[in-house]
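Peer 1:
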Amino acid sequence: MTMATPENLSSLHIHEEEIRATSLKLIDNNPDLREHLSMIHGAMAIIYTMAHDHASATDDELTVQYLGLRLFNSAASSIKLGLSGYYQSAFALVRDVFETVALLDYMRSNPNKIAVWKSSDTKQRMANFGPGAIRKALNERDHFSGNKRKETYDRLSEYAAHATAPGFQLLASDGLGQIGPFLSEKYLKAWIEETVKFLVHGAVIFMAHFSKVEPPLLLEKAGFLDHATQWQKKYMSSNKEPT
């Protein structure tokens, strides 16, 4: 006997889909947000291609592909939640994207550490590859005196990933706490702008791990890089520290 979906869950899903439809209309009516969503799609497409269609030549490449799968799934889940009005949960997954991209960036500069990371136990992984250790290594590599990476990570943690009073802001519409999803053009815009920035950066880094790919994939890499370059010139200031 098939169990019927409880009525409240069905009505919640209907409400989520209504918010999603309105969110997509708001995006379609805003040229910048429309370009951002197209760029997010492009980044996810190339991550999927490199993670799924490329035949890994080494165990290290396979490890990186698994991280690409995580990156894709986190982005897809964030999109599902962000368009449906769960902004705090969507931003929490943006933090996961940010953290995964940082790890991939570190591995790109230190390919000899990929196998070490994979074989580490929990204590070793946190000591040598935790978010703080990765940020420190990247800042040293890039000769950064500031702490933008930590500020970004802490902000996403404070307002989204961790249970905090400041995070209540993302649960409120017009100052009133909201149970369940709600539509906010302000939060929708902020979420898309954060997501596209980190995901495009991540897709470029992820691609760089695969220097030798099948000929059809070379064309896809080139197409994405062209798209990303045009988007970056339009929306990202060249004098800012990288994410």
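To convert, take the position in the sequence shown, counting from 1, and add 39; that gives my numbering.
Positions of the beta carbon are idealized from the N, C-alpha and C atoms, including for glycine.
(1) Leaving out five residues on either side along the sequence, give the residues of the same chain with a beta carbon under 8 Å from the beta carbon of ASP65.
(2) Please confirm whether ILE86 and PHE183 have their CB atoms less than 8 Å apart.
(3) Return the first residue and the last residue of the alpha helix (DSSP H) that ASP85 is part of.
(4) Okay, do the region 235–244 and the region 78–95 touch, 3+ Cβ pairs below 8 Å being the bar?
(5) Output yes or no for whether 8 Å exceeds the beta carbon distance between LEU143 and LEU106.
(6) Looking at GLU197 and THR203, is the spacing between their C-beta atoms short of 8 Å?
(7) Over what stretch of residues does the alpha helix (DSSP H) that includes TYR307 continue unbroken?
(8) How far does the alpha helix (DSSP H) with ALA115 in it reach, from first residue to last?
(9) Whose C-beta lies closer than 7 Å to the C-beta of LYS119 among residues of the same chain, with five residues either side of it excluded?
(10) Pick helix, strand or coil for GLU46, following the three-state DSSP scheme.
(11) Cα separation between PHE111 and PRO45?
(12) Per DSSP, which one or two residues make a beta bridge with ALA141?
(13) Quick check on the DSSP output: the alpha helix (DSSP H) that includes LEU210 runs from which residue to which?
(14) Distance, Cα to Cα, TRP230 vs PHE137?
(15) Identify whether GLU253 lies in helix, strand or coil by the three-state DSSP scheme.
(16) According to DSSP, is SER95 part of a helix, a strand, or is it coil?
Peer 2: Here's the rundown:
(1) As a first step, residue 65 must be located in the sequence shown, where it is residue number 26. Just to set this straight, residue 65 is Leu in the shown sequence, not Asp. Closer than 8 Å at the Cβ level, and outside the excluded window around LEU65, lie LEU72, GLU224, LEU227.
(2) For the purposes of this step, residue 86 is taken as the residue at position 47 of the sequence shown. For the purposes of this step, residue 183 is taken as the residue at position 144 of the sequence shown. In this structure, PHE183 does not lie closer than 8 Å to ILE86 by Cβ.
(3) Counting from 1 along the sequence shown, the entry for residue 85 is found at position 46. For the record, residue 85 in the displayed sequence is Ile; it is not Asp. Start and end: 70–87.
(4) yes
(5) Sequence index remark: in the sequence shown, residue 143 carries index 104 (1-based). Sequence index remark: in the sequence shown, residue 106 carries index 67 (1-based). Yes, the pair counts as a contact, with Cβ atoms nearer than the cut-off.
(6) On the sequence shown, residue 203 is found 164 positions in, with the first residue counted as 1. On the sequence shown, residue 197 is found 158 positions in, with the first residue counted as 1. Yes.
(7) Nothing about residue 307 can be read from this structure; the chain reaches only from 40 to 282.
(8) The sequence position of residue 115 within the sequence shown is 76, counting from 1. Per DSSP, ALA115 belongs to the alpha helix (DSSP H) from 98–122.
(9) Walking along the sequence shown from the start, residue 119 turns up at place 80. Correct list: empty, nothing qualifies.
(10) As a working note, residue 46 is residue 7 in the sequence shown. DSSP places GLU46 in helix when its eight states are reduced to three.
(11) One-based indexing of the sequence shown puts residue 111 at position 72. One-based indexing of the sequence shown puts residue 45 at position 6. Approximately 31 Å, taken between the alpha carbons.
(12) Stepping through the sequence shown from its first residue, residue 141 is reached at position 102. Bridge partners of ALA141: none, in fact.
(13) Within the sequence shown, residue 210 is the residue found at index 171, counting from 1. Unbroken run through LEU210: none, as it is neither H nor E.
(14) One-based indexing of the sequence shown puts residue 230 at position 191. One-based indexing of the sequence shown puts residue 137 at position 98. If you take the alpha carbons of TRP230 and PHE137, they lie about 13 Å apart.
(15) Here the question's residue 253 lines up with position 214 in the sequence shown. It is coil, neither helix nor strand.
(16) Numbered from its first residue, the sequence shown carries residue 95 at position 56. Of the three classes helix, strand and coil, the one that applies to SER95 here is coil, per DSSP.
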